[in-house]
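See below for the structure under consideration.
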Amino acid sequence: MSDLPPLNTDTMWAILNDTIEDATVNRLVWHCLGYRYDEANGKWDTTSVVDDWGQEYPEPPDFIDSRPATVKLTRSIPPENKQLLKEELGFKGYKIGEFGPRQTRRATAANWLLSYRKIHGNR
Numbered sequence: 027m028s029d030l031p032p033l034n035t036d037t038m039w040a041i042l043n044d045t046i047e048d049a050t051v052n053r054l055v056w057h058c059l060g061y062r063y064d065e066a067n068g069k070w071d072t073t074s075v076v077d078d079w080g081q082e083y084p085e086p087p088d089f090i091d092s093r094p095a096t097v098k099l100t101r102s103i104p105p106e107n108k109q110l111l112k113e114e115l116g117f118k119g120y121k122i123g124e125f126g127p128r129q130t131r132r133a134t135a136a137n138w139l140l141s142y143r144k145i146h147g148n149r
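Numbered according to our numbering, the sequence shown spans residues 27 to 149.
So this is what it looks like as structure tokens:
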């Protein structure tokens, strides 16, 4: 997945501003969770997937479309990292009428990625 964008501020804003595709957002989160696609056997390799994600989701979930997966993602963010969108990006949230579940889930993914970056560095 070397074609993924870096975990930098521009990428986070692209997620929030909806200028990066949902599929790319998903692939970023999947990669950071440890999902790897095995081209040889046509299946997802979950041996490096963190915690119980691989058991609950043997195939990586669509975080933009799946509320349960996004709830699990939210709960996996350490309390001290819950406000990183605001603290690191100055993101004030969406205005009434300009967001729905999809935008909220994209914001959750961006916050989770910021938390991942803070814990693990930009890898």
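For glycine and all other residues, C-beta sits at the position ideal for the given N, C-alpha and C.
Cutoff 6 Å; reference residue i; Cβ partners in own chain excluding five residues on either side
| i | result |
| --- | --- |
| V55 | F89, A135 |
| Y142 | C58 |
| P87 | A95 |
| W138 | L99, I103 |
Residue span of the beta strand (DSSP E) that contains residue i, given as start and end
| i | result |
| --- | --- |
| K112 | First-last for K112: 110–115, but that is the alpha helix (DSSP H), not the beta strand (DSSP E). |
| Y63 | 62–64 |
Cβ shell of residue i (< 7 Å), same chain only, five flanking positions each side left out
| i | result |
| --- | --- |
| T72 | Y61, G80, P84 |
| T210 | Since the displayed the chain opens at 27 and closes at 149, residue 210 lies outside it and no answer follows. |
| D48 | I90 |
| M27 | Any reading at M27 must be qualified, since the residue scores a pLDDT of 47, below 50, and its modelled position is unreliable; no value is offered. |
Span of the alpha helix (DSSP H) around residue i
| i | result |
| --- | --- |
| I41 | 35–42 |
| S141 | 127–146 |
| P94 | 93–101 |
Own chain partners of residue i with C-beta closer than 8 Å, once the 5 adjacent residues on each side are dropped
| i | result |
| --- | --- |
| W70 | Y61, R62, Y63, D64, P84, E85, P86 |
Supposed close pair residue i, residue j - CB separation, criterion 8 Å
| i | j | result |
| --- | --- | --- |
| P24 | I46 | Examination of residue 24 is not possible in this model, given that the chain is present from 27 through 149 alone. |
Tell me whether the segment 126–134 and the segment 86–96 touch, counting them as touching only if at least three CB pairs, one residue from each stretch, are closer than 8 Å.
yes
With three or more C-beta pairs closer than 8 Å as the rule, is the segment 35–42 touching the segment 106–125?
Pairwise C-beta distances place the segment 106–125 in contact with the segment 35–42, as three or more of them are shorter than 8 Å.
What are the start and end residues of each continuous beta strand (DSSP E) run of 3 or more residues lying completely inside the segment 44–87, in chain order?
62–64, 69–71
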